[in-house]
Amino acid sequence: MDIPQGDLADVVKRLKRIEGQIGGVVRMIEDGRDCSAVVTQLAAASKALRKAGFAVVSSGMRHCSTNEDGETREVDLRELERLFLSLA
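Residue numbers (our numbering): 814 to 901.
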């Protein structure tokens, strides 16, 4: 799926926030912070990463389901299913 960069701007912002979250988790571990706090932050980053993945697939579905004229075109449902399941 080739998705135009503009369609993924929000995903890129989301991923940069996640990158910051992961850096924070690394610092928490290095500082010897409480295990439950570290796991809570890891869970939040993991959830955010899954959401970003679904946003990419969703953008791909919109992009791949229409041609440049705005007409509907056939979508490879097996490929979309594979992508969704890879995020599960």
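Each residue gets a CB set at the ideal place from its N, CA and C atoms; glycine is no exception. Everything numeric in this text was worked out from a predicted model, so none of it was measured.
Note down, in chain order, each residue of its chain lying with its Cβ closer than 6 Å to the Cβ of Leu896, except the 5 sequence neighbours on either side.
Contacts found: Val870.
Going by CA-CA distance only, name the one from Asp820, Glu892, Cys848, Ala856 that's closest to Ile831.
Per the Cα distances, Ala856.
Compare the Cα-Cα distances from Leu828 to each of Val852, Val851, Ala850, Gly866 and report the closest residue.
Of Val852, Val851, Ala850, Gly866, the residue nearest in Cα terms is Gly866.
Given a threshold of 16 other Cβ atoms within 10 Å of its Cβ, counted over all protein chains shown, does Val838 qualify as buried or as exposed?
The residue is buried, with at least 16 neighbouring Cβ atoms inside 10 Å.
Compare the C-alpha of Gln834 against each of Gln818, Asp889, Ala861 and name the closest.
Ranking Gln818, Asp889, Ala861 by Cα distance to Gln834 puts Ala861 first.
Using a Cβ-Cβ cutoff of less than 7 Å, which residues in the same chain neighbour Glu892 once the five nearest sequence positions on both sides are dropped?
There are no such residues.
Can you tell me whether Leu857 is helix, strand or coil according to DSSP?
The amino acid occupying residue 857 in the given sequence is Ala; Leu does not appear at that position. Helix, per DSSP.
Within the continuous alpha helix (DSSP H) that includes Gly836, where are the two ends?
Where Gly836 is concerned, the enclosing alpha helix (DSSP H) stretches over 822-843.
How should Gly819 be labelled, buried or exposed, when 16 other C-beta atoms within 10 angstroms of its C-beta is the threshold for buried?
Per the 10 Å Cβ criterion, exposed.
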